[in-house]
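Under the numbering used here, think of the first position of the sequence shown as 82, with each following residue one higher. Cβ atoms here follow ideal geometry from the backbone N, Cα and C, with glycine treated the same way. From a predicted model like this one, the values you see are computed outputs, not experimental measurements. Reviewing the structure listed below.
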Amino acid sequence: MPESLVRLLEKELKAQGATMSMSGIRIQPNGRITIDNPKIYSTDLQSEIANADRISLKVNRALLLFGRAQITELNVINGSLIIPALLSKSGVPEPQVDQIDLRAKNQREGWVIHQSKFQFGNARAIISGIIDPTDLTLEEVPEQPLPLSQRLITFHNKALEIKDLLSQIEGLEARIRFDASRQGPKSATAVITAIGGKWQNKATADEVLVEIQASLGGDASLSAHVGSINAPQNTFAKDLKLSAAWPQIPTTENLQPSHVHLTIGSGGQESNFASNLYFNFHPLDPENWRTNGYFQIADSSWKVNSVANPKNKTASVDLMGSPTQGLVELVINLAKQVAPKMGKLPLERMARVIDPPDLHISAEFEGALKPKSVDATLEANRLTSLDAPFDRVIAQANLRGNQVEVPNLWLRSGKQSGRLSVLLDLETMHRRLLIDGLFNPNTVNGWIPDPWWTELWSNFRFPEEGFYCLMDSSQIIKRPETLRLTGYGTCKELDIRGHPMEEIETHMFILQRYIDLYNLALTRKEGSIKGDGQFSIGQDPRDGIYKMTALWLDAESTIDLSIGPDLIYEVRENVEEILEPYGYSVPPKVDARSASVMHKNRFTYDVDLQIDTDEAFNYYDYPLDSLSATVSVGNDRADIPAVKARLAGGIVDANATVRNENIALSVTLSDARFGDTLKASAEYFRASDPESSAHGITAEELSAYGGTTSLHFTGKGVVGDSLSYDGEGTYQISGANLTDLPLLGGISRALDSAGIPIATLKFNGAEGEFAVQKRYVEFPELILVGPIAQIKSSGKYDLGEDELDFKAQLQPFRSIPLVQVPLRLLDVFTGIFEVRLTGPISDPKKSVFREAPKREEGVSTENENVSG
Numbered sequence: 082m083p084e085s086l087v088r089l090l091e092k093e094l095k096a097q098g099a100t101m102s103m104s105g106i107r108i109q110p111n112g113r114i115t116i117d118n119p120k121i122y123s124t125d126l127q128s129e130i131a132n133a134d135r136i137s138l139k140v141n142r143a144l145l146l147f148g149r150a151q152i153t154e155l156n157v158i159n160g161s162l163i164i165p166a167l168l169s170k171s172g173v174p175e176p177q178v179d180q181i182d183l184r185a186k187n188q189r190e191g192w193v194i195h196q197s198k199f200q201f202g203n204a205r206a207i208i209s210g211i212i213d214p215t216d217l218t219l220e221e222v223p224e225q226p227l228p229l230s231q232r233l234i235t236f237h238n239k240a241l242e243i244k245d246l247l248s249q250i251e252g253l254e255a256r257i258r259f260d261a262s263r264q265g266p267k268s269a270t271a272v273i274t275a276i277g278g279k280w281q282n283k284a285t286a287d288e289v290l291v292e293i294q295a296s297l298g299g300d301a302s303l304s305a306h307v308g309s310i311n312a313p314q315n316t317f318a319k320d321l322k323l324s325a326a327w328p329q330i331p332t333t334e335n336l337q338p339s340h341v342h343l344t345i346g347s348g349g350q351e352s353n354f355a356s357n358l359y360f361n362f363h364p365l366d367p368e369n370w371r372t373n374g375y376f377q378i379a380d381s382s383w384k385v386n387s388v389a390n391p392k393n394k395t396a397s398v399d400l401m402g403s404p405t406q407g408l409v410e411l412v413i414n415l416a417k418q419v420a421p422k423m424g425k426l427p428l429e430r431m432a433r434v435i436d437p438p439d440l441h442i443s444a445e446f447e448g449a450l451k452p453k454s455v456d457a458t459l460e461a462n463r464l465t466s467l468d469a470p471f472d473r474v475i476a477q478a479n480l481r482g483n484q485v486e487v488p489n490l491w492l493r494s495g496k497q498s499g500r501l502s503v504l505l506d507l508e509t510m511h512r513r514l515l516i517d518g519l520f521n522p523n524t525v526n527g528w529i530p531d532p533w534w535t536e537l538w539s540n541f542r543f544p545e546e547g548f549y550c551l552m553d554s555s556q557i558i559k560r561p562e563t564l565r566l567t568g569y570g571t572c573k574e575l576d577i578r579g580h581p582m583e584e585i586e587t588h589m590f591i592l593q594r595y596i597d598l599y600n601l602a603l604t605r606k607e608g609s610i611k612g613d614g615q616f617s618i619g620q621d622p623r624d625g626i627y628k629m630t631a632l633w634l635d636a637e638s639t640i641d642l643s644i645g646p647d648l649i650y651e652v653r654e655n656v657e658e659i660l661e662p663y664g665y666s667v668p669p670k671v672d673a674r675s676a677s678v679m680h681k682n683r684f685t686y687d688v689d690l691q692i693d694t695d696e697a698f699n700y701y702d703y704p705l706d707s708l709s710a711t712v713s714v715g716n717d718r719a720d721i722p723a724v725k726a727r728l729a730g731g732i733v734d735a736n737a738t739v740r741n742e743n744i745a746l747s748v749t750l751s752d753a754r755f756g757d758t759l760k761a762s763a764e765y766f767r768a769s770d771p772e773s774s775a776h777g778i779t780a781e782e783l784s785a786y787g788g789t790t791s792l793h794f795t796g797k798g799v800v801g802d803s804l805s806y807d808g809e810g811t812y813q814i815s816g817a818n819l820t821d822l823p824l825l826g827g828i829s830r831a832l833d834s835a836g837i838p839i840a841t842l843k844f845n846g847a848e849g850e851f852a853v854q855k856r857y858v859e860f861p862e863l864i865l866v867g868p869i870a871q872i873k874s875s876g877k878y879d880l881g882e883d884e885l886d887f888k889a890q891l892q893p894f895r896s897i898p899l900v901q902v903p904l905r906l907l908d909v910f911t912g913i914f915e916v917r918l919t920g921p922i923s924d925p926k927k928s929v930f931r932e933a934p935k936r937e938e939g940v941s942t943e944n945e946n947v948s949g
């Protein structure tokens with residue numbers, strides 16, 4: 082070996098603070114130099130820094146003659162780069178890069194690397210091919226370069242960082258081939274494989290293969306395949322493939338590829354829920370990327386298109402797909418895992434998909450990927466939401482800032498169909514809902530799970546198509562006290578609390594547990610109700626059930642009021658008490674105004690009624706031909722200031738006041754048909770007293786009495802107890818056939834049975850006063866008038882025992898004003914005949930007495946008694 086070459090090498094090493102030792106050196110005639118066990122030692126670092134088993138090189142002998150050294154062949158066997166003890170983690174020198182094997186020749190095309198291998202930690206690299214050294218971009222040497230020791234420290238520190246990163250990868254191997262001859266095209270190919278790897282002990286990857294190709298001055302490409310990736314929470318992906326291409330070799334200043342393709346065979350969390358994922362990325366300009374892709378989640382297929390700016394973090398996304406029940410179940414399970422509190426919600430009932438719908442979502446994101454706008458459309462056939470079944474759904478929705486709007490949501494469930502609109506402010510959580518269509522409130526019971534809602538609408542049975550409603554509702558979510566609803570509704574052929582209705586129509590205003598129905602019109606077969614009604618709902622502390630706590634009515638009714646206790650069963654007892662006096666076959670017209678409020682578990686109520694009818698009407702079983710009455714009713718009270726009715730062709734004027742069970746009344750009957758009045762009275766007694774003697778008298782018999790009558794009575798008693806009254810009154814009867822009347826006609830029959838010549842007297846009139854004392858009716862002076870005579874009587878009738886006790890005097894000729902008979906003479910006849918009636922009114926006992934002339938003392942007196 083030329084001495085100058087050795088001196089040059091020693092001088093260069095010494096200048097760098099290093100020395101070299103070897104076990105031997107051989108020089109062959111062909112210019113090959115072989116160095117055995119070469120070692121390089123750094124005096125600054127006081128450590129060996131490189132070694133090899135052998136280095137063999139060949140120099141160009143011709144150039145050596147001119148003082149130039151050119152290596153034409155280089156071989157390194159088992160070389161190593163040693164990290165000094167002061168830099169190594171173990172504190173002793175150890176190989177940083179070892180198992181270096183190199184076989185290379187410097188030929189005309191460039192350096193031909195037949196084999197180059199080295200081991201760096203757990204990573205292995207194999208390099209081959211041809212390289213033109215002039216193509217290698219080397220760092221410019223500064224005017225005052227760092228000493229070798231400093232450069233070694235920098236190198237080893239960086240190498241240690243890289244080794245730590247590569248230590249997470251198992252079985253890493255890189256195969257690199259260069260095709261870069263001096264004259265031909267220049268390219269490089271790298272194939273990197275790994276058995277597996279992990280990142281921060283959180284994610285792992287297996288079966289990694291990466292292939293890189295690049296051409297100097299031309300394009301570059303990358304393809305990668307990963308068998309599987311496993312992440313925290315049992316998240317995984319399998320069979321990942323990535324490919325990318327660049328129009329020129331990327332640099333740190335420009336890494337943007339011309340396109341990127343990514344496919345994922347499957348992925349999920351604990352189980353596969355995503356599969357067949359494919360994404361294609363294309364740059365539109367240096368900052369914006371276009372993406373299109375396809376993927377399947379559960380059994381639901383999706384397509385996505387987007388344009389994004391990674392630098393500014395802005396994007397627009399277009400997503401289309403068909404959600405399936407499998408996707409819904411998957412989302413529910415993920416939601417429960419991410420937010421365990423959601424497990425308390427009825428997520429499984431939120432949505433159930435029978436026929437997969439078509440969903441299209443378009444979204445724009447501002448900086449930091451903050452949503453700017455979202456638009457969505459949905460078309461679905463059969464699905465359920467919170468147990469509400471739908472066979473057709475069309476929806477449009479959008480998001481603008483904090484405003485979520487569903488301007489069109491069309492729903493169909495059987496014969497029910499309609500349109501909804503929703504507006505939600507995400508900042509204030511204020512929600513507004515518009516409804517226009519045919520719906521059954523019971524269909525959406527699951528949407529409003531409050532007991533008051535379900536208990537309210539359980540009282541209604543709607544037709545299959547529901548009822549038509551036009552509503553506007555607003556509320557702050559989770560603040561039910563802010564509910565406000567206005568609207569209009571109408572329905573035909575429905576059932577309310579067991580009673581069929583032909584039609585109902587109303588406007589409404591609703592707050593939380595308060596409902597105002599105004600302009601209400603309810604039609605039944607027999608009539609209708611028109612007016613306003615309001616009621617409130619509250620929770621009964623005794624059983625926790627929501628019930629009506631107050632009711633206000635202002636209505637006009639011609640329906641059968643007997644259904645009232647069922648329609649308003651919360652105040653059933655009060656309604657039954659109010660309606661108790663009334664009976665009819667044709668419902669009357671009733672104007673009602675009422676207020677009922679729950680107080681201490683008892684309703685207090687105040688009801689004003691105006692009752693009008695031209696049809697037959699019963700008041701406490703007393704039959705009237707017509708009625709017009711003003712009634713005011715409250716708890717344990719009733720005021721009836723004015724009653725006007727028709728009875729037997731006459732007019733009844735009455736008023737009454739009721740406190741608790743006590744009643745004070747005043748009744749006047751004018752110009753009524755006497756016989757028909759008796760018939761009506763008999764009906765009353767038959768209805769109120771099963772043992773009354775009125776049961777033995779027919780209506781025809783009573784009507785046959787004819788005539789007219791007037792009556793006035795004022796008294797007090799107990800409601801419903803005909804034997805409790807105290808009072809007094811007057812009566813007048815004219816033109817009636819009184820002869821056959823059990824009470825009045827009994828006198829005539831008594832005279833007839835006595836054989837009195839004037840027994841054929843007929844009486845057609847009566848008048849007088851009477852007093853009622855509980856069960857007794859007293860007649861202090863009852864006068865019967867006939868064509869030629871009159872009867873003056875007095876007595877009483879026991880209503881409880883059906884017992885008469887009457888005495889009457891016949892006064893002949895008192896009814897003949899043209900016959901000028903002296904009254905003193907008439908009084909003689911008056912004293913002769915006296916009649917007494919006792920016993921039941923239907924069959925009284927009759928006694929007639931004749932007064933005998935006075936006799937002298939000692940002479941017998943004769944008193945004749947004729948009884949019948």
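Contact set for residue i: own chain, Cβ-Cβ below 7 Å, skip 5 residues either direction
i	result
Ser805	Gly798, Val799, Lys855
Lys935	With a pLDDT of only 42 at Lys935, under 50, the local geometry of the prediction cannot be trusted, and no value is derived from it.
Asp506	Asn483, Gln484
Gln97	Pro228, Leu229
Residue i - containing beta strand (DSSP E), residue span
i	result
Gly798	787 to 799
Ile116	113 to 117
Glu584	580 to 592
Lys267	267 to 280
Asn743	743 to 754
Whole-number beta carbon distance between residue j and residue i, since they are thought to touch under 8 Å
i	j	result
Pro488	Ser502	6 Å
Ile618	Leu537	7 Å
Thr153	Val140	7 Å
Leu514	Ser554	4 Å
Gly278	Gln249	5 Å
Met582	Leu551	Not a contact, Cβ separation roughly 20 Å.
Phe520	Gln556	With 8 Å as the limit, Phe520 and Gln556 do not qualify as a contact, their Cβ atoms being about 18 Å apart.
Cβ pair residue i, residue j closer than 8 Å
i	j	result
Asp436	Ala396	no
Leu450	Val474	no
Ala761	Ala737	no
Asp621	Lys611	no
Ile345	Leu400	no
Gln180	Gln200	yes
Phe362	Ile378	no
Asp216	Leu297	yes
Residue i: first and last residue of the uninterrupted alpha helix (DSSP H) it sits in
i	result
Val667	No alpha helix (DSSP H) holds Val667; DSSP gives it neither H nor E.
Arg232	229 to 247
Contacts around residue i, its chain only, beta-carbon distance under 6 Å, and the 5 residues preceding and following it disregarded
i	result
Ala312	Ala284
Ala735	Val724, Val748
Ser713	Asp689, Asp720
Asn132	Lys120, Ser161
Ala240	Gln177
Same chain, Cβ closer than 8 Å to residue i, neighbours up to 5 away in sequence not counted
i	result
Leu94	Thr100, Met101, Ile121
Leu904	Low per-residue confidence applies at Leu904: pLDDT is 39, beneath 50, and the placement is therefore not dependable enough to give any value.
Classification of residue i by the beta-carbon crowding that lies within 10 angstroms, buried from 16 upward
i	result
Leu632	buried
Lys267	buried
Thr694	buried
Ser941	For Ser941, the pLDDT reaches just 41, beneath the cut-off of 50, and the residue's location in the model is therefore unreliable, leaving the point undetermined.
Asp597	buried
Arg754	buried
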